[in-house]
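*Asks:* In the working numbering, the protein residues as written are 2 to 916.
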Amino acid sequence: MSVWRPAQRMARRSIRRNLARSALIALLIGLPVAVATFSDVLYRSSDSPARDAYLALGNADAKLVVTDQVTLEGFQLSTEWEGYYFEDGVEKRDPASVDVTALLPRGTRLESDDEDGSGSGVLLGVGDGADLEEMPLQFATMPSRLQPNRLQLREGRYPKAGEVVLTDSAAAAMKVGAGDTVTDDISGVRLPVSGIVRDEQCRACDSVYAQPGQMLVPARGADGSGWEASRPTYLVDLPAGVDAGTLAMSLAEQGVLLYPRDTYLHPDRYRIWDEPALTADELRGAALTTLIVGLGLLEVILLAGAAFAVGARKQVRDMGLINAGGASPRQLRAVLLVQGATLGVIGTTGGVAVGFLVAWLGWPLWEWLNGSVLPVFRFGPEVLIAVVVGILSGVLAAVVPAIGAARQQPLDALSGRFRVTGARSRRAGLLGAAGILAGAVLALLGSAQMADDFEQYSEALAVAKQTGSYLSAPTPTVPIALVLLGAVLAIAGLVLAMPVVIGRLGRLGARLPLAGRIALRDADRHRHRTGPAASAIMLAVAGSVVAAFAIAGSERGDEAAWIPQLPPGVMQVYPTYVVGADGSTAMDEAAQRAAEALPDGRVLAATELGYPTSALRREQGSADVEQLWFDGGISCPADCVSYGASGSAAIADPALARAILGRDLSTEETAALTDGEALALMSGLVGGDGRVTAHLEGRAEADADGVVQEDDVPRLSLPARAVEPKTTYASMPAVLMSAETAERNGLVVSATNRFVTYDADATRVQVRAGLRAAGEGHRAAGSVDQPYHSDSGIALLVIGGLAGLVTLIGVAIAVALSAAEGRRELATLSAVGADPAVRRRLAGAQALVISGVGALVGVVLGTFVSYALRATFGAPSFTVPWANLAGAALGVPVLAALITAACTRSRVPMLERRA
2 MSVWRPAQRM
12 ARRSIRRNLA
22 RSALIALLIG
32 LPVAVATFSD
42 VLYRSSDSPA
52 RDAYLALGNA
62 DAKLVVTDQV
72 TLEGFQLSTE
82 WEGYYFEDGV
92 EKRDPASVDV
102 TALLPRGTRL
112 ESDDEDGSGS
122 GVLLGVGDGA
132 DLEEMPLQFA
142 TMPSRLQPNR
152 LQLREGRYPK
162 AGEVVLTDSA
172 AAAMKVGAGD
182 TVTDDISGVR
192 LPVSGIVRDE
202 QCRACDSVYA
212 QPGQMLVPAR
222 GADGSGWEAS
232 RPTYLVDLPA
242 GVDAGTLAMS
252 LAEQGVLLYP
262 RDTYLHPDRY
272 RIWDEPALTA
282 DELRGAALTT
292 LIVGLGLLEV
302 ILLAGAAFAV
312 GARKQVRDMG
322 LINAGGASPR
332 QLRAVLLVQG
342 ATLGVIGTTG
352 GVAVGFLVAW
362 LGWPLWEWLN
372 GSVLPVFRFG
382 PEVLIAVVVG
392 ILSGVLAAVV
402 PAIGAARQQP
412 LDALSGRFRV
422 TGARSRRAGL
432 LGAAGILAGA
442 VLALLGSAQM
452 ADDFEQYSEA
462 LAVAKQTGSY
472 LSAPTPTVPI
482 ALVLLGAVLA
492 IAGLVLAMPV
502 VIGRLGRLGA
512 RLPLAGRIAL
522 RDADRHRHRT
532 GPAASAIMLA
542 VAGSVVAAFA
552 IAGSERGDEA
562 AWIPQLPPGV
572 MQVYPTYVVG
582 ADGSTAMDEA
592 AQRAAEALPD
602 GRVLAATELG
612 YPTSALRREQ
622 GSADVEQLWF
632 DGGISCPADC
642 VSYGASGSAA
652 IADPALARAI
662 LGRDLSTEET
672 AALTDGEALA
682 LMSGLVGGDG
692 RVTAHLEGRA
702 EADADGVVQE
712 DDVPRLSLPA
722 RAVEPKTTYA
732 SMPAVLMSAE
742 TAERNGLVVS
752 ATNRFVTYDA
762 DATRVQVRAG
772 LRAAGEGHRA
782 AGSVDQPYHS
792 DSGIALLVIG
802 GLAGLVTLIG
812 VAIAVALSAA
822 EGRRELATLS
832 AVGADPAVRR
842 RLAGAQALVI
852 SGVGALVGVV
862 LGTFVSYALR
872 ATFGAPSFTV
882 PWANLAGAAL
892 GVPVLAALIT
902 AACTRSRVPM
912 LERRA
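#1: Assuming L610 and I652 are in contact, meaning their beta carbons sit under 8 Å apart, how far apart are those beta carbons, in whole angstroms?
#2: If you drop the 5 nearest sequence neighbours on each side, which residues of the same chain put their C-beta closer than 8 Å to that of L495?
#3: Residues in its own chain within less than 7 Å of K727 by CB, not counting five upstream and five downstream?
#4: How many Å lie between E922 and V101 at the Cα?
#5: Where does the unbroken beta strand (DSSP E) through G504 begin, and where does it stop?
#6: Buried or exposed: which applies to F631, given that a residue is buried once 16 or more other Cβ atoms fall within 10 Å of its Cβ?
#7: Mind checking E556: buried by the 16 CB within 10 Å criterion, or exposed?
#8: Measuring CA to CA, which of Q847, D169, A141 is closest to G510?
#9: Return the chain-ordered ranges of every alpha helix (DSSP H) run that is complete within the segment 723-791 and spans a minimum of 4 residues.
#10: Who are Q153's beta bridge partners in DSSP?
#11: CA-CA distance, T476 and A491?
#12: Are A740 and A607 closer than 7 Å when you measure CB to CB?
#13: Would S195 pass as a contact of Q139 if the rule is Cβ separation under 7 Å?
#14: Assign N885 to buried or exposed, taking buried as 16 or more other Cβ atoms, counted over all protein chains shown, within 10 Å of its Cβ.
#15: Please look up how many angstroms separate the CB atoms of D114 and Y235, rounded, as I've assumed it's under 8 Å.
#16: Below 8 Å on the Cβ atoms is my guess for G487 versus G447; work out the distance and round it to an integer in Å.
#17: What residue range is occupied by the uninterrupted beta strand (DSSP E) comprising A179?
#18: Determine the DSSP secondary structure at H696, reduced to helix, strand or coil.
#19: Got a sec, what are the start and stop residues for the alpha helix (DSSP H) Q340 sits in?
#20: Taking only the alpha-carbon atoms, compute the straight-line gap between V401 and D169 and give it to the nearest angstrom.
#21: Distance check for L513 and P882, CA to CA, integer angstroms please.
#22: I need the straight-line Cα distance from S867 to T880, nearest angstrom please.
#23: For chain C, find out if any of its Cβ atoms is closer than 7 Å to the Cβ of G554; answer yes or no.
#24: Give a yes or no on whether the C-beta atoms belonging to A695 and L717 are separated by under 7 Å.
#25: Assuming L1 contacts Q255 (C-beta within less than 8 Å), just tell me the rounded distance between them.
#26: Which class does P720 belong to by DSSP, given the choice of helix, strand or coil?
#27: Of all the options Q70, P565, P480, which has the alpha carbon lying nearest to the alpha carbon of P233?
#28: What does the alpha-carbon distance come out to for the pair G888 and V183?
#29: What residues are listed by DSSP as bridge partners for R512?
#30: With three or more beta-carbon pairs closer than 8 Å as the criterion, would you say the segment 71-80 touches the segment 249-266?
#31: Among V839, W563, V854, V693, whose alpha-carbon lies nearest the alpha-carbon of T729?
#32: If we ignore side chains and look at the alpha-carbon of each, how far apart do T80 and R272 end up?
#33: Candidates L515, L154, L298, D238: which alpha carbon is nearest D836's?
#34: Roughly how many whole angstroms lie between the Cα atoms of T873 and R204?
#35: What are the boundary residues of the beta strand (DSSP E) that includes W630?
#36: Excluding the 5 residues preceding and the 5 following V724 in the sequence, name in chain order all residues of the same chain whose CB lies nearer than 6 Å to its CB.
Below, the structure written as structure tokens:
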């Protein structure tokens, strides 16, 4: 008690006497806490089970779904998203024939919530059909007693039978209001709009709502006819005393699903499937997140430590008096540690309060950004962790100044002298060098372990476009861990060695102008603040450099692995909303319109192949002809993922082959087709036996229990010859064969797509005209391929901007501390006749020294770590973001110096200077 009570009194007095510096330290500590608190509130509130229950049920006790089965065999009480029941071998029924009220206890209130009852959408237009918008047609009781805030009326009234309401975003897109009429463009049905509503579950969704139990437009079902079967859904308000779990089990015997409110509030209690174990990717993500948070915390500690070190030097006479009065080193350390803890408490308390306040006051804005209502305000234990970490940050920021104060001799403290022994400086330098060396060795060791995988990945990526495969970069866990551990050791070493580096630079300024000499001397003399500030800048720049390398490498890898959909000068036409014969006719008409609108347009004959499906699949609603797909893959390193190659088949029409290959078939290829061989336009489709293989899923018949075994699925295997096109096209047929080979294997022409060729030099206006012609009538649509487009430029710019912002903050803090600590030196300069502009040049030079050292070391560190991790970025080679490197190493320091010089006062007040 004798140690801490006086320390507390002195800490409070010191904080009051130095409010500006204390506020800066508290702000540095509290800002991350505020961000963590705010983020935790938004995350917990948006991901809360209470929110899920509110959105799904409102005030209801449960949700009820009537299935098409007489009973639900194997039913288990579960959440709505995880529930299952066995369908095979169970007698079916019409769900609409079930009298739900007879199955529920007396006094139960029901409300229809059949949002997806039709499974249909509407294509709405106004007037002459311009500005068509496709949106889902949903059903809900309006107004609702159990969900009174779900659909809030903004204009007009709720709909009656035959009427609809639009969400406010849909109404804005359609430019309609209450009292207007919209038309389903496909069926021609006109729908009166009675009002405009706001959907609290999805405020940005363009939706159409009607009262339940209606058939407003003909549904576009899988078979093109009739209203799709629905499962009536209700919200249920149960009488008091009814156990929802017991009721759910009894209703399952009647083929009715019940999801009680407790399954939404406590989903973990109703898990049917075992939770998957933590994957390697999740572990790596958690480790990377921890590393980023740790480095950010270290950056805060360094900046706060620099400010605290200046404060400790301002108290050096007080510490000397305490020491002269007989205080022990432990008591001296306690004085500064309590100050750090006190500022940590103030900063974290303010940070938590600000985080909560920003979240609370901006709640409408967060709901708008989230796109749905946030009905609960939740926070988790992460806030307490942030508080503890914030207080520890204050204590850690005071550790080094406290140790230095305890070592100082009373005479030195009273006279304001600070002795730095050469042995201590050398010891710090040696420890830093050891950390840097150990980190470099571990990083290079991890990089060497990834070298083989990277080489195999690069080789596979080089032929990915010819094989039709997509690769993801290798992510070996152990080598990555070694590199990250090496990076941590190197950072620790650089933080220790940074004051030594700055000290060495101080000896190089003899030939510099006055401002440069003073700036280097000041940085050398006050390494207690310039070292941590430069280290903080180093961390920010190194992190941005690694992120820039990762984005640039990933973008380069995506570009290398990108497979275009269609060749230049080819348009694909496909049906919309119509299938079967109607769909084939719609495609023929659309393709012909597109060809007439395009220069040199020509419709290719329908040649894509399929196979007749089994009777069982046709009974289940599948089409009569199933499209034929061949698949394959290429070799890949153990830690690399290949998504394989796949493609459809077609008859080798000369015009189609010319469109894909860019040339005519050779004599040898034509002879191979005649001999019954197939031509594989993706070499990855050809197996080691020289054949291409397709699994005929639609021909598989179920066994007595209605289950299709994988071994029972028939296959089609054909001898094949690989033909290497310049580029593989994902939407074009990948296997060509003769008509005789197709007929011999039971294949028929499948009317799935049409291809239209046109002049590859067609203008954008001409291509758009062709697309509009294909989509006329909205029974079919056309598509053309777009060149690869990179979006990494904005991300790299943002990363560079964030690094620059953090650098400017660090420089501002360091220069402000320098100005506070060197006020008497500046006054002396003014007294001896120095020009007022010298102050500006000196501040700019100080900013250039601190930011330049930190930025250059950060660029070197970030580049080294990125080189060690290059195998995981996805690029086939080490991709360097030169613009980001130049901006971080040169642009940011120069900008920091210019801004600092411009914002610095040129005149300083005269002060008394003690000898």
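A virtual CB, placed ideally from N, CA and C, is assigned to each residue, including glycine.
*Replies:* Considering the structure as presented:
#1: So it is a contact: roughly 7 Å between Cβ atoms.
#2: Taken in chain order, the residues that qualify are G433, G436, I437, S536, M539, V858, L862.
#3: Contacts found: G663.
#4: Because the chain spans 2 through 916 in this model, residue 922 falls outside it and cannot be assessed.
#5: Element bounds for G504: not the beta strand (DSSP E) but the alpha helix (DSSP H), 478-507.
#6: Buried, because 16 or more other Cβ atoms sit within 10 Å of the Cβ of F631.
#7: E556 sits buried, since 16 or more C-beta atoms from the chains shown fall within 10 Å of its C-beta.
#8: Per the Cα distances, Q847.
#9: For the segment 723-791, whole alpha helix (DSSP H) runs of length 4 or above, ordered along the chain, are 740-745, 765-775.
#10: Partner(s): R199.
#11: Their backbone Cα atoms lie some 22 Å apart in a straight line.
#12: Result no, Cβ atoms of A740 and A607 do not sit closer than 7 Å.
#13: For the 7 Å CB-CB criterion, S195 and Q139 do not form a contact.
#14: Its Cβ being crowded by 16 or more others within 10 Å, N885 is buried.
#15: Between Y235 and D114 the Cβ distance is about 6 Å, and since that is below 8 Å, they are a contact.
#16: Going by Cβ atoms, the distance from G487 to G447 rounds to 7 Å, so yes, they are a contact pair.
#17: A179 -> no beta strand (DSSP E), and no H or E assigned at all.
#18: In the three-state reduction of the DSSP assignment, H696 falls in the strand class, which pools E and B.
#19: Counting along the chain, Q340 sits inside the alpha helix (DSSP H) bounded by residues 330-362.
#20: About 59 Å.
#21: Taking the straight line joining both Cα atoms gives about 32 Å.
#22: Pairing S867 with T880, the inter-Cα distance amounts to about 10 Å.
#23: The structure shown has no chain C; it contains just one protein chain.
#24: Yes, they are a contact pair.
#25: The structure shown has nothing for residue 1, since the chain only spans 2 to 916.
#26: Under the three-state reduction of DSSP, P720 is assigned to strand.
#27: If you compare the alpha carbons of Q70, P565, P480 with that of P233, the shortest gap goes to Q70.
#28: Cα to Cα, the separation comes out at about 54 Å.
#29: According to DSSP, R512 bridges with nothing at all.
#30: Result yes; three or more Cβ-Cβ pairs closer than 8 Å.
#31: It is W563 whose Cα lies nearest to the Cα of T729.
#32: Answer to the nearest angstrom: the Cα atoms are 7 Å apart.
#33: Residue L515 holds the alpha-carbon nearest to the alpha-carbon of D836 among L515, L154, L298, D238.
#34: T873 and R204: Cα-Cα distance of roughly 39 Å.
#35: Element bounds for W630: 630-633.
#36: Around V724: L680, L682.
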